[in-house]
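Protein chains: 2
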Amino acid sequence: MIVKPQTYTFGESESDALKLRCGSTLRNVSIEFETYGTLNEAKSNAILVCHALTGSAHAAGKHSEDDRKPGWWDSMIGPGKAFDTDKYFLVCSNILGSCYGTTGPTSINPDTNKPYNLDFPMITVADMVDTQHRLMQHLEITKWLSVAGGSLGGMQALQWAVTYPDAVHSVMPIATTPMLSPQSIAFDWVGREAVMSDSNFKNGEYTKDALPETGLSISRMLAHITYLSEAGMREKFGRRLQEMDEYNFEFTHNFQIESYLRYQGSQFVNRFDANAYLYITRAMDYFNLSMEDPEGKLENVLDKATASFLIISFSSDWLFPPYQSMEIVKALMKCRREVTYCEIESDYGHDAFLLEDDTLGDMVRNFLKTQEACY
Amino acid sequence: MIVKPQTYTFGESESDALKLRCGSTLRNVSIEFETYGTLNEAKSNAILVCHALTGSAHAAGKHSEDDRKPGWWDSMIGPGKAFDTDKYFLVCSNILGSCYGTTGPTSINPDTNKPYNLDFPMITVADMVDTQHRLMQHLEITKWLSVAGGSLGGMQALQWAVTYPDAVHSVMPIATTPMLSPQSIAFDWVGREAVMSDSNFKNGEYTKDALPETGLSISRMLAHITYLSEAGMREKFGRRLQEMDEYNFEFTHNFQIESYLRYQGSQFVNRFDANAYLYITRAMDYFNLSMEDPEGKLENVLDKATASFLIISFSSDWLFPPYQSMEIVKALMKCRREVTYCEIESDYGHDAFLLEDDTLGDMVRNFLKTQEACY
Chain A
359 MIVKPQTYTF GESESDALKL RCGSTLRNVS IEFETYGTLN EAKSNAILVC HALTGSAHAA
419 GKHSEDDRKP GWWDSMIGPG KAFDTDKYFL VCSNILGSCY GTTGPTSINP DTNKPYNLDF
479 PMITVADMVD TQHRLMQHLE ITKWLSVAGG SLGGMQALQW AVTYPDAVHS VMPIATTPML
539 SPQSIAFDWV GREAVMSDSN FKNGEYTKDA LPETGLSISR MLAHITYLSE AGMREKFGRR
599 LQEMDEYNFE FTHNFQIESY LRYQGSQFVN RFDANAYLYI TRAMDYFNLS MEDPEGKLEN
659 VLDKATASFL IISFSSDWLF PPYQSMEIVK ALMKCRREVT YCEIESDYGH DAFLLEDDTL
719 GDMVRNFLKT QEACY
Chain B
359 MIVKPQTYTF GESESDALKL RCGSTLRNVS IEFETYGTLN EAKSNAILVC HALTGSAHAA
419 GKHSEDDRKP GWWDSMIGPG KAFDTDKYFL VCSNILGSCY GTTGPTSINP DTNKPYNLDF
479 PMITVADMVD TQHRLMQHLE ITKWLSVAGG SLGGMQALQW AVTYPDAVHS VMPIATTPML
539 SPQSIAFDWV GREAVMSDSN FKNGEYTKDA LPETGLSISR MLAHITYLSE AGMREKFGRR
599 LQEMDEYNFE FTHNFQIESY LRYQGSQFVN RFDANAYLYI TRAMDYFNLS MEDPEGKLEN
659 VLDKATASFL IISFSSDWLF PPYQSMEIVK ALMKCRREVT YCEIESDYGH DAFLLEDDTL
719 GDMVRNFLKT QEACY
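These protein sequences, in sequence, are chains A and B.
According to our numbering, the first sequence is numbered sequentially starting from 359.
According to our numbering, the second sequence is numbered sequentially starting from 359.
See below:
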């Protein structure tokens with residue numbers, strides 16, 4: 359499947375600009391997006407797929423035959439796959455604040471004609487969803503058959519259900535949470551501190567020749583620990599040593615897990631922007647669905663939703679553990695919403711939403727079949 | 359209780375030097391230690407208390423009336439306390455590689471008359487225990503009534519039981535593990551990378567005017583996340599904000615958990631040496647009791663031990679989770695050793711060994727009574 363990225367731009371005028379939750383507005387907002395499959399005449403087969411922290415609009419297929427890797431959820435999206443492109447029209451757009459084509463801190467600030475960097479306004483998950491809603495209007499779709507996503511993508515799905523209830527027939531928040539726990543906020547804090555204290559960071563005004571690579575790599579290595587489960591790490595790496603059989607009695611990488619982290623850190627700095635990383639993790643920290651109710655009750659917020667929910671968690675996910683998905687389920691049951699919940703047994707930790715294709719695929723396929731029937 | 363730190367130095371000659379597991383030797387080894395209570399004539403009431411990663415020989419009492427805080431385990435050690443100084447003679451020594459009086463990377467290398475810094479040889483938990491054994495000989499004690507410690511202190515207690523079985527009547531490894539899991543190795547790796555990549559680090563040759571504060575602080579903040587439990591963090595901090603009621607939409611500390619980490623990080627850089635932190639965490643990574651058996655079987659290693667064991671874990675400790683203590687218990691049962699095991703219910707996470715005085719105190723008190731009777 360060869361796909362071409364597309365761009366939609368809006369907000370040239372002040373009245374059309376994107377109003378953000380922090381109080382700022384953004385002009386000239388570009389959205390990078392991709393589509394897979396064909397929109398039917400009734401426009402009833404459109405599904406929005408939302409990506410996670412460092413993902414992109416490139417969810418499936420390849421941009422050219424030579425591409426080494428397909429999109430990030432290619433195992434789930436394509437002809438005959440769970441998100442069957444023979445039946446459905448899929449849309450995936452890069453989130454606001456990211457560095458893969460949609461407006462973010464690397465974009466040019468129309469007021470200064472220079473990159474925003476840290477002058478970019480603070481964004482929220484609700485702002486990301488507003489941006490996607492603009493794209494939806496541009497595509498002339500009035501109701502998504504479903505909005506699906508894992509991790510931060512799942513937060514967007516939840517946000518869609520309560521901000522635009524009439525625009526979503528169903529949602530699939532996967533491996534996600536109604537609000538970040540203090541432990542996750544803490545990990546994000548340490549990660550951002552590592553980036554911001556890198557001597558190359560220069561308050562966000564770093565140059566291409568001297569990126570805050572060390573800090574960003576530390577941040578990414580830390581994040582990767584939270585994406586794997588403790589049991590999964592024991593299974594995959596154990597205490598096995600790299601290259602040699604004995605301790606090297608040095609501070610260089612000696613255990614295989616150290617080499618793994620080192621590799622992940624070094625790869626990341628080549629593909630992601632440090633400022634974008636700061637903004638998106640902060641948006642995640644700030645995500646708290648229950649805050650939309652003056653009393654802070656999640657059920658009062660979810661009461662606005664009309665969609666059917668498929669909520670999926672993974673047993674060994676300790677970043678967004680099953681109990682957090684259960685909180686959504688309980689709140690939905692209090693407001694008598696249609697909700698299907700599944701905790702999938704997996705050792706993959708948080709990463710499971712990208713790896714457990716078989717189980718996840720079956721759940722998604724069946725849920726979509728039901729949703730299609732009652733759209 | 360006013361106590362005075364003491365020092366014992368050995369290894370002036372090559373023959374008396376400390377032979378390390380990495381192959382190097384250390385000359386002029388100083389051990390800083392403190393004692394509490396009185397050694398009885400039979401020398402049958404001596405207990406060694408082993409401290410954790412950033413602890414010191416100052417386990418109890420104060421150095422002067424003006425001291426703001428007592429020693430790190432003062433809630434457990436003193437007249438009438440669990441480690442009752444009216445009955446027992448307690449010894450606590452600063453570990454090899456530390457920066458609180460015992461020889462470590464900040465010490466003067468007798469070969470160069472300069473601080474070792476990164477020329478300090480790599481040390482292991484077994485080397486720490488060998489150093490304590492030298493102190494034991496100096497104190498003319500032949501058998502500890504017990505060796506007790508939490509976390510890294512518990513590793514030392516385990517090591518004592520297998521390296522010097524005749525010198526320990528009982529051991530109390532608390533909140534510890536027979537070997538570091540890859541997840542803990544991973545956290546240590548990220549922490550050390552933060553220290554070593556600080557521009558002030560200068561390959562360990564930093565000066566007092568420009569310490570690698572940022573890196574060390576990041577490392578410490580990360581460690582603190584692993585010392586608390588997720589549930590404990592929710593209880594203690596939740597998503598509460600600092601100072602104001604609303605999001606500040608900035609990258610500065612906004613959540614209380616962020617202020618807490620920031621404070622812990624900033625306090626630590628004033629009290630601990632970065633190189634010492636590297637060496638001790640690496641010694642923890644390398645700790646793997648089962649490696650002392652060619653087949654890697656923990657029960658074969660513990661079969662060397664003759665001591666009675668009191669093993670204690672804490673339900674919410676995810677750094678050294680209960681299952682790791684259970685592995686020790688199972689191995690001890692296989693070799694038919696006397697072992698008492700207790701998993702204490704607590705929300706304090708790994709920190710519980712410093713906080714659960716009541717429950718822990720009762721366990722220790724009763725265990726010591728039994729051990730005393732059959733010494």
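C-beta: ideal position from N, C-alpha, C; glycine also.
Since the model is a prediction, treat every value here as computed from it, not as a measurement.
- In the DSSP assignment, the residues bridged to I360 (chain A) are A:K420.
- With at least 16 other beta carbons inside 10 angstroms of its own, M494 (chain B) counts as buried.
- By the CB criterion at 8 Å, M721 (chain A) and L668 (chain A) fall inside the cutoff.
- Any Cβ of chain B closer than 8 Å to the Cβ of Q541 (chain A) would place that residue at the interface, and such an atom is present.
- Taking 8 Å as the threshold, the shortest C-beta distance from C380 (chain A) to chain B falls below it.
- For V659 (chain A), the enclosing alpha helix (DSSP H) starts and ends at 656–660.
- The residue from A:S624, A:P652, A:Y605 with its alpha-carbon nearest to that of M649 (chain B) is A:Y605.
- Per DSSP, reduced to three states, the secondary structure at F609 (chain A) is coil, with no helix or strand assignment.
- Contacts between T460 (chain A) and chain B, judged by CB atoms closer than 9 Å, are missing: the closest CB pair is about 20 Å apart.
- Under the 8 Å criterion on CB atoms, L580 (chain B) is classed as interfacial with respect to chain A.
- Residue pairing by DSSP places Y699 (chain A) opposite A:I669 in a beta bridge.
- Judged by DSSP in its simplified three-state form, F368 (chain A) adopts strand.
- For F672 (chain B), no CB of chain A lies under 8 Å from its own CB, so it is not counted at the interface with that chain.
- Contact of T572 (chain B) with chain A is assigned, a C-beta pair being separated by under 8 Å.
- Annotation: the stretch 500–579 of chain B contains the following complete segments of the beta strand (DSSP E) (minimum length 3 residues), in chain order: 504–508, 528–532.
- For I576 (chain B), the nearest CB of chain A lies under 8 Å from its own CB, placing it at the interface with that chain.
- Pairwise C-beta distances place the stretch 700–714 of chain B in contact with the stretch 661–675 of chain B, as three or more of them are shorter than 8 Å.
- Assignment of L497 (chain B) by DSSP, reduced to helix, strand and coil, places it in the coil class.
- About 7 Å separates the beta carbons of V505 (chain B) and C408 (chain B), which is inside the 8 Å limit, making them a contact pair.
- The beta carbon of P523 (chain A) sits closer than 8 Å to the beta carbons of K662, A663, T664, A665 from its chain, once the five residues preceding and following it are set aside; these are given in chain order.
- Contiguous beta strand (DSSP E) elements confined to the stretch 397–452 of chain B occur at 404–408, 447–451, taking only those with 3 or more residues.
- Taking a Cβ-Cβ threshold of 7 Å, the residues of chain B close to F607 (chain A) are C380, M480, in chain order.
- Taking a 10 Å sphere around the C-beta of T396 (chain B), we find fewer than 16 other C-beta atoms and assign the residue as exposed.
- For a cut-off of 8 Å, the C-beta gap from H496 (chain B) to Y366 (chain B) is around 5 Å, short enough to register as a contact.
- Within the same chain, and ignoring the five residues on either side of F559 (chain A) in sequence, the residues whose Cβ sits closer than 8 Å to its Cβ are V553, P570, G573, A632.
- Among the CB atoms of chain B, one or more fall inside 8 Å of the CB of S555 (chain A).
- In this chain, Y621 (chain A) is not harboured by any beta strand (DSSP E); it is covered by the alpha helix (DSSP H) spanning 614–629.
- Distance from the CA of R492 (chain A) to the CA of G719 (chain A), rounded to the nearest whole angstrom, comes to 29 Å.
- By the Cβ neighbour-count rule, K439 (chain B) is buried, with 16 or more other Cβ atoms within 10 Å of its own.
- If you draw a straight line from the Cα of Q517 (chain B) to the Cα of Q614 (chain A), it comes to about 25 Å.
- For T664 (chain B), there is no enclosing beta strand (DSSP E), as DSSP marks it with neither H nor E.
- Using a Cβ-Cβ cut-off of 8 Å, I686 (chain A) is close to nothing in chain B; its nearest Cβ partner there is about 16 Å away.
- If you check each beta-carbon in the stretch 626–644 of chain A against every beta-carbon of chain B, the ones closer than 8 Å belong to L636, R640, D643, Y644.
- Non-local C-beta neighbours of N561 (chain A) in its own chain, meaning closer than 7 Å and more than five positions away in sequence, comprise L476, ordered along the chain.
- The alpha-carbon of A515 (chain B) is positioned some 46 Å away from that of Y637 (chain A).
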